[in-house]
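Worksheet for the structure shown next.
In my numbering, the protein residues as written are 219 to 311.
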C-alpha cells in the first residue's frame, strides 16, 4: 500500500467508508493494480488530484494491459498515458 501513497499504518487498516476523498482516490489505482479489469472507463480521473497522485496514476495507467475509455480535458495527461486515438467532443449551447 506504500506504493499507492498510504504511508501510515493506521491508514492501511481503515474501513473504506472512513477514508477521505483523497485517500479513496489513492485506493482506486491500488485496486486496479491488484486485480486489473479488462476495461477501464475513466471520467476526469485527474480532477482534484495533487501532482504526486496524478503522476502516480499516470505510472499505473502506462502499465495497464487492458483497454481504456478515457474522458478528460487534460491533453497532457492523455499524452502521458499514451492515448493514441481520441475523439474530441464539441458542445454547442
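From the three backbone atoms N, C-alpha and C, an ideal C-beta is built for every residue, glycine too.
Here the structure is a predicted model, which is why all the values come from computation and not from measurement.
Query raised in the report: Is residue 299 helix, strand or coil by DSSP?
Result: Position 81 of the chain shown, counting from 1, holds the residue named residue 299. Coil at residue 299, not helix or strand.
Requested in this report: Quick one: give me the first and last residue of the alpha helix (DSSP H) that residue 273 is part of.
Outcome: In the chain shown, residue 273 corresponds to position 55, counting from 1. Per DSSP, residue 273 belongs to the alpha helix (DSSP H) from 269-281.
Requested in this report: Hey, could you find the ends of the beta strand (DSSP E) residue 261 is sitting in?
Outcome: Here residue 261 refers to the residue found at position 43 of the chain shown. Its beta strand (DSSP E) spans residues 257-261.
Query raised in the report: Under a three-way DSSP split, which group does residue 287 fall into?
Result: Your numbering for residue 287 matches position 69 in the chain shown. In the structure shown, residue 287 sits in a strand (DSSP, three-state: E or B).
Query raised in the report: Is the CB-CB distance between residue 278 and residue 299 below 7 Å?
Result: The residue given as residue 278 occupies position 60 in the chain shown. The residue given as residue 299 occupies position 81 in the chain shown. Their beta carbons are not under 7 Å apart, which means residue 278 does not touch residue 299 by this criterion.
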